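As structure tokens, the structure follows; a few thoughts come after it.
Residue numbers (UniProt numbering), protein chains in the order written: chain A, 1 to 266; chain B, 1 to 266.
If you want it as structure tokens, here you go:
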């Protein structure tokens, strides 16, 4: 999060080399938060429950701070299906492990189903941004959001595995047929909570491997580092373009905040 | 985690004031791990998906390290129901938001239900330990494990709330009637994965507030700090007693490892 805010600070010309960015949430170990200009960068830990806690508190914060015209982007890593590793996926729909675009929230012991629809114009704008960044393959596709990294994503290398390589491949093929091109663990509740709050939202995750070819990372440390920078570069470029447009009078909102939720991992 | 391992190091007489404990998992930001003697202390983040990732990797580690006679204890904080804040709850059964002792794991898109049974002898042994620690109220009771901290635990102070104070109180009353005395976010998958791995497991969480009286912490920082120490003190005493018994020949296992999973929060 701090690296991202330092990068954005430099890109926007707001960086002061003499000052360090403090962690605004230093009093808690739930997550870390950094800010430069109108951009917030917040960590969210791993999985739906962890990001949901952060989002409840972030949404309340944005409300009390009277932020308007807010755009929220989750950036992170993911496993790909049928894509070259390093490809960036902008999520069209976040689907569950049965490939349905829904998030089930249990309230007072009863399931409540919520839509995981994301902003299609925002996804398209991000895709356009990627075209300015040269050699960064980027697609708009469905993202599967699971509750578990090992059994939940049909990995064969967890502590338990009750299925075969063939079962795994069949499941990934079904996911591919449903338009899924990457798998991560936070997008569904992120999409659902942003939609409920009328926040424009996008999910931008790089794929670190093709899950049809394996379960573990085989790229070198340097290559993985390069992949992990890609969502940051893309969203950094997007923020810069949006703010430049605003400064030229293309937007009439009175204040603006671009929140970026950054995954530690996925 | 580090504070716990430093405490255990001192308690077991294994601490070397000249050496710092390194984070064994420093190469990842998924979690932190510290070790002293036969005791591991590992963080697990917030929520079921986060602790499940850690447990898959810990269980594989214990297997490859050929550890035997392993006991795993999750220590952390929780919200209480009908208990004086500061009470320590040793989990009898981890139940879901419908008060059922089960954990549903989705595998290849299909739900698989697993038992969340914990070791009753271990729970009883921990309760006995608490009696040696003077003024630390401790009970054995059911723990409700939820997927969400706000709506999932019937809080009224999240970003969204579609129910009334009366609905909340009725839900907490139902939970109480089902034997639930505290609520947290990791115990069900912890119990399920430990049971599948034949690891003896316990959950020891202090209650920071009585949820029937409110949703937010009202105790002072110092009082909360004191509460948060209690699971550590209890489990520290338990580990010391177990290891002393082993050294006196009460146990015949060839090697031993006491893993302690520590919540950042709950």
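Think of the CB as a built atom: it goes at the ideal place given N, C-alpha and C, for glycine as much as any other residue.
Remember, predicted model here, so these are calculated numbers, not experimental data.
Residues in the same chain with beta-carbon distance under 6 angstroms from residue i, minus the five sequence neighbours each way, listed in chain order, please.
i, result
"residue 263 of chain B", "Low confidence applies here, because residue 263 of chain B scores a pLDDT of 46, under 50, leaving its location unreliable and the question unanswered by this model."
"residue 256 of chain B", "With a pLDDT of only 44 at residue 256 of chain B, under 50, the local geometry of the prediction cannot be trusted, and the value read off the model is given with reservation. Contacts found: 38, 69."
"residue 86 of chain A", "227"
"residue 56 of chain A", "none"
"residue 193 of chain B", "55"
"residue 101 of chain A", "93, 95, 116"
"residue 178 of chain B", "99"
"residue 238 of chain A", "126, 129"
Hey, residue i and residue j are a contact pair by Cβ (cut 8 angstroms); roughly how many whole angstroms apart?
i, j, result
"residue 48 of chain B", "residue 189 of chain B", "5 angstroms"
"residue 103 of chain A", "residue 53 of chain B", "20 angstroms between Cβ atoms; not a contact."
"residue 109 of chain A", "residue 98 of chain B", "5 angstroms"
"residue 172 of chain A", "residue 212 of chain A", "6 angstroms"
"residue 116 of chain B", "residue 94 of chain B", "4 angstroms"
"residue 114 of chain B", "residue 186 of chain B", "Between residue 186 of chain B and residue 114 of chain B the Cβ distance is about 15 angstroms, and since that is not below 8 angstroms, they are no contact."
"residue 181 of chain B", "residue 89 of chain B", "5 angstroms"
"residue 142 of chain A", "residue 92 of chain A", "5 angstroms"
"residue 12 of chain A", "residue 243 of chain A", "7 angstroms"
"residue 21 of chain B", "residue 34 of chain B", "5 angstroms"
"residue 136 of chain A", "residue 230 of chain A", "6 angstroms"
Among residues of its own chain, excluding the 5 on either side of residue i, which ones have a beta-carbon nearer than 7 angstroms to its beta-carbon?
i, result
"residue 158 of chain A", "150, 151"
"residue 31 of chain A", "25, 42, 43, 44, 45, 54"
"residue 146 of chain B", "97, 152, 153, 183, 185"
"residue 23 of chain A", "32, 33, 34"
"residue 236 of chain A", "7, 8, 11"
What residues match up with residue i in a beta bridge as DSSP calls it?
i, result
"residue 140 of chain B", "B:90"
"residue 145 of chain B", "B:184"
"residue 34 of chain B", "B:41"
"residue 115 of chain A", "A:102"
Compare the C-alpha of residue i against each of the options and name the closest.
i, options, result
"residue 216 of chain B", "B:161, B:166, B:156", "B:156"
"residue 199 of chain A", "A:135, A:122, A:126", "A:122"
"residue 106 of chain A", "B:105, B:112, B:96", "B:96"
"residue 79 of chain A", "A:62, A:176, A:13, A:120", "A:176"
"residue 168 of chain A", "A:191, A:182, A:144, A:214", "A:214"
"residue 133 of chain B", "B:74, B:58, B:240", "B:240"
"residue 161 of chain A", "B:127, B:60, B:37", "B:60"
"residue 269 of chain B", "B:163, B:208, B:194", "This structure leaves residue 269 of chain B out entirely; chain B is present only between 1 and 266."
"residue 36 of chain B", "B:63, B:58, B:234, B:2", "B:2"
"residue 139 of chain B", "B:7, B:145, B:127", "B:127"
"residue 81 of chain A", "A:154, A:220, A:7", "A:154"
"residue 84 of chain A", "A:238, A:218, A:163", "A:218"
"residue 272 of chain B", "B:19, B:15, B:50", "Any property of residue 272 of chain B remains undetermined from this structure, which presents chain B solely from 1 to 266."
"residue 174 of chain A", "A:197, A:191, A:144, A:163", "A:144"
"residue 63 of chain B", "B:163, B:221, B:197, B:236", "B:197"
"residue 221 of chain A", "B:23, B:19, B:14, B:27", "B:27"
List, in order along the chain, the chain D residues whose C-beta lies closer than 7 angstroms to that of residue i?
i, result
"residue 151 of chain A", "Among the chains of the structure shown, chain D does not appear; the protein chains present are A and B."
Looking only at its own chain, which residues have a Cβ that is under 8 angstroms from the Cβ of residue i, when we skip the five neighbours before and after it?
i, result
"residue 253 of chain A", "Because residue 253 of chain A sits at a pLDDT of 36, beneath the cut-off of 50, its placement in the model cannot be relied upon, and the point is left open."
"residue 165 of chain A", "156"
"residue 119 of chain B", "200, 201, 202"
"residue 15 of chain A", "6, 9, 36"
"residue 124 of chain A", "140"
At a cut-off of 7 angstroms, is residue i close to the ligand HEM when judged by its beta-carbon and the heavy atoms of the ligand?
i, result
"residue 185 of chain A", "As far as ligands go, the structure on display features none, and thus does not contain the ligand HEM."
Next on the checklist: For a minimum of 3 consecutive residues, which ranges assigned as the beta strand (DSSP E) are wholly contained in the stretch 174-236 of chain A?
Outcome noted: With a minimum length of 3 residues, the continuous beta strand (DSSP E) runs that stay inside the stretch 174-236 of chain A are 180-184, 200-210.
Checklist entry - In chain order, which continuous runs of the alpha helix (DSSP H) of length 4 or greater are located wholly inside the stretch 37-113 of chain A? => result Within the stretch 37-113 of chain A, complete alpha helix (DSSP H) segments of at least 4 residues are found at 48-64, given in chain order.
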